[in-house]
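Under numbering that gives the first Met the number 0, the first residue of the sequence shown is numbered 0, with each subsequent residue one higher. Beta carbons are placed, not taken as given, at the ideal position from N, Cα and C, and that holds for glycine. On a predicted model such as this, the values are computed, not experimentally measured, just so you know.
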Amino acid sequence: MATGPVSRFTSALRRDLDVARERDPAARSDAEMVLTYPGLHAIWLHRAAHGMEQRKWHLPARMVSQFSRFLTGIEIHPGATIGPGFFIDHGMGVVIGETTEIGEDVTIYQGVTLGGTGKHGGKRHPTVRDGVTVGAGASVLGPLEVGEGAKIGAGSIVVKDVPANSTVVGNPGKPVIVDGQRVDPQTLHHPDLDHTRLPDPVAEALDCLIGRVEELEAELAALRAGVPPPPKSDEADCSDGVRDRIREARAAASDAA
Ligand SMILES: CC(C)(COP(=O)(O)OP(=O)(O)OC[C@H]1O[C@@H](n2cnc3c(N)ncnc32)[C@H](O)[C@@H]1OP(=O)(O)O)[C@@H](O)C(=O)NCCC(=O)NCCS
């Protein structure tokens, strides 16, 4: 199979058109997409600009990038590294910073900023892993990592790493879904430190003993009065469970020692 520059160019073009059709339900024909999709124009011009940047032709690279911005409203710094299958839907107002790294099959919408947080040099823009979607108007700021398959809600402001396969929304962006499970943004990454509510085998043992004493008192009172004793409650069976919990607590304490 031929792998020359022309064949690589045409297969990249084919993939760009396929992803646009796959992710934009409004897409009708290749001709329409080639002629009217600013997201595609911006990616094609970025590839040219990025090639120039890699050859250290900084000024021509910036000129191509600014021409692309003028044409599409999408500003991608020539230094940004973008993987295959990238799709920008609508596009106007997108800004992608110099040290941004974008993996494979990433989708972003209009108004997204993948930007820096300050004026320091070096890596200062996000790393966006494969399969990520960033909703319209979201800002992802700083050298953070957006994990594989994550979704960032429209309008979110993300300033911390985003776990893989999560949905992050809001300002500041917090995960509301991780691996398909809804999570409470208040408690994620913050273990429950309410020690007063930790399971306490000693308190459970006392509770069990008090229950047993109350039952015995009731039984004794019934015997003294010459009436049948009241039926035993289920709580009377608590002693075995409590013994197990105490054993577990002792084992955990000796493991930790
Ligand atoms: C985040 C998004 C991807 C949905 O992801 P999802 O995994 O399907 O999550 P859900 O829709 O179940 O939403 C989960 C929770 O986040 C909330 N939520 C979803 N998107 C939100 C957003 N952008 N901002 C704030 N909260 C949002 C939901 O209300 C829901 O809250 P609840 O649990 O209290 O009901 C989607 O809402 C989104 O913003 N997509 C971007 C679309 C876009 O930009 N389109 C532009 C077309 S031109």
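Taking Cβ positions, are residue i and residue j nearer each other than 7 Å?
i, j, result
"A137", "G148", "no"
"T112", "T132", "no"
"G146", "S155", "no"
"L34", "S67", "no"
"E103", "H76", "no"
"T166", "V175", "yes"
"V93", "I87", "yes"
"A48", "A60", "yes"
"C276", "V241", "For residue 276 there is no data in the structure shown, the boundaries of the chain being 0 and 256."
"G72", "M91", "yes"
"L12", "M32", "no"
"L143", "P125", "yes"
"A26", "A19", "yes"
Residues in the same chain with beta-carbon distance under 8 Å from residue i, minus the five sequence neighbours each way, listed in chain order, please.
i, result
"H257", "The displayed coordinates of the chain run from 0 to 256. Any statement about residue 257 would go beyond what the structure contains."
"S232", "G210, E214"
"L222", "P228"
"R14", "P83, G84"
"V5", "none"
Would you mind reading off the limits of the beta strand (DSSP E) that contains residue i?
i, result
"S165", "165–168"
"L140", "138–140"
"P174", "173–177"
Identify, in the order they occur along the chain, each residue of the same chain with its Cβ nearer than 6 Å to the Cβ of residue i, setting aside the five sequence neighbours on each side.
i, result
"A79", "I95, T99"
"T116", "L140, G141"
"E218", "P228"
"I261", "The chain is shown only over 0 to 256; residue 261 falls outside these bounds and no answer can be derived."
"R123", "T98, G115, P142"
"E74", "R68, V94"
Which two residues bound the contiguous alpha helix (DSSP H) that contains residue i?
i, result
"R14", "4–22"
"E31", "29–35"
Please work out which residues of its chain come closer than 7 Å, Cβ to Cβ, to residue i, disregarding the five sequence neighbours upstream and downstream, and give them in chain order.
i, result
"R246", "none"
"A220", "none"
"E203", "V241, R244"
"D23", "D88"
Sequence ranges, alpha helix (DSSP H) only - wholly within the stretch 42–111, length at least 4: Those alpha helix (DSSP H) runs which fall completely within the stretch 42–111 and span 4+ residues are 57–71.
Completely contained alpha helix (DSSP H) runs for the stretch 197–227, where each covers 4 or more residues: Here the runs fully enclosed are 200–224.
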